[in-house]
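Under UniProt numbering, the first residue of the sequence shown is numbered 1, with each subsequent residue one higher. See structure below.
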Amino acid sequence: MDNCMIDTKTPTTFSFQPAGRDEPVNIRTIDIETNPWFVAADVCAALDLGLKNITYHVARLDADEVRRVDRTNLGVTQKGRPMIVINESGLYALINRSDKPEAKVFQRWVNREVLPSIRKTGSYSLADHGREAMPLPMDIAEAMALAMKPVVEELASVRALLASTLEQREVAALDDLKRNQMFLARDLLKRGIGKGLSPSELGYQLTIYCRNNGYPVTVKKGRGNALDTNTYSLLAAERWQQGRS
């Protein structure tokens, strides 16, 4: 924290009315080297951070975001210790650390009323390269959404991969089940496989297909004088049907 005394101009006071409070909070600003600085105590009061915790909150800011100025520069006639002021970057840091509902309203008020008013007077104008390095923050909800975007995208990717993996496993499990289900040609015809063919024609084509593609063909012994018949894997029959379509 810069403890040297800063030669400042007359402070400008802006009145902020927090929701649910009877009295407005006066936010004092001063111009230091053409940049606006805000009285830390006023900002903490507006954000309902507690005046007893000013030192705690300010201590968490970067050194170049905080300075001490003589009380007389802020229009305070009573003697006392120098007062703490924070720059625009420090102001946003305090806003973002507050979980109070006043924070979002206060941020909009600063962005839409205070800073435009200061710039209009010509006493404050941040250079283009400075604005790029320290852009005005969005609403807290928007900033959080932007920060969480990579996480959300990663979760979506993981979910898609998981869904694809589960689907592949389900298909593989179903294929294994069908691979072990053996049917006669006439029973496959009842399932809609090989329409237009006779059982013997279907059996002939399936026998060739299974032998060429590594699917099992089992022989079902006929009773008495009945001829032996072949049975075919349901998986093989379905894939043969797909190739026939």
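For glycine and all other residues, C-beta sits at the position ideal for the given N, C-alpha and C. Please read these numbers as outputs of a predicted model, since none were measured by experiment.
Per DSSP, residue i forms a beta bridge with which residues?
i      : result
Ile208 : Beta-bridge pairing links Ile208 to no other residue.
Phe38  : Thr29, Ile86
Ser15  : Asn26
Can you look up residue i in the DSSP assignment and give me helix, strand or coil?
i      : result
Ala232 : Sequence inspection shows Tyr at residue 232; the Ala mentioned does not correspond to that position. Correct three-state label for Tyr232: strand.
Asn87  : strand
Asn26  : strand
Pro60  : This sequence places Arg at residue 60; Pro is not what is there. Note: Arg60 maps to coil in three-state DSSP.
Asn180 : coil
Pro216 : coil
Arg68  : strand
Lys104 : helix
Gly203 : helix
Lys195 : coil
Lys52  : helix
Glu78  : Looking at the sequence shown, residue 78 is not Glu but Gln. Three-state DSSP puts Gln78 in coil, outside helix and strand.
Thr10  : coil
Ser98  : coil
Leu47  : coil
Arg112 : helix
Arg21  : coil
Taking only the alpha-carbon atoms, compute the straight-line gap between residue i and residue j and give it to the nearest angstrom.
i      : j      : result
Pro82  : Val69  : 5 Å
Arg97  : Val110 : 16 Å
Arg179 : Thr231 : 12 Å
Asn26  : Lys149 : 37 Å
Pro24  : Glu33  : 29 Å
His57  : Ala160 : 43 Å
Ile84  : Arg67  : 6 Å
Trp240 : Leu166 : 26 Å
Gly243 : Thr218 : 22 Å
Glu88  : Cys44  : 14 Å
Ala163 : Ala172 : 14 Å
Tyr215 : Gln181 : 12 Å
Asp7   : Lys79  : Summary for Asp7: the model assigns pLDDT 49, below 50, so the residue's position carries little reliability; its value from the coordinates is reported in the next sentence. Distance between the alpha carbons of Asp7 and Lys79 is about 17 Å.
Glu154 : Asp31  : 45 Å
Glu170 : Leu235 : 14 Å
Cutting at 7 Å between CB atoms, please list the residues of its own chain near residue i, excluding the five before and the five after it.
i           : result
Leu61       : Ile86, Gly90, Ala93
residue 249 : Residue 249 falls outside the range modelled here, since the chain spans only 1 to 245, and no answer is possible.
Are the CB atoms of residue i and residue j nearer to each other than 9 Å?
i      : j      : result
Val114 : Pro18  : no
Gly192 : Glu201 : no
Phe16  : Ser117 : no
Ala41  : Ile54  : yes
Does residue i come within less than 9 Å of chain B when only Cβ atoms are used?
i     : result
Ile84 : Considering every chain present, this structure includes no chain B. It has just one protein chain.
For residue i, which residues of its own chain have a beta-carbon under 8 Å away from its beta-carbon, when the five flanking residues on both sides are left out?
i           : result
residue 253 : This structure does not reach residue 253, given that the chain is present from 1 up to 245, and the question cannot be answered.
Lys100      : Leu47, Asp48, Leu49
Under 6 Å Cβ to Cβ from residue i, same chain only, skipping five residues before and after it: list those, please.
i      : result
Glu102 : Pro18, Leu47, Asp48
Ile95  : Ala103, Gln107
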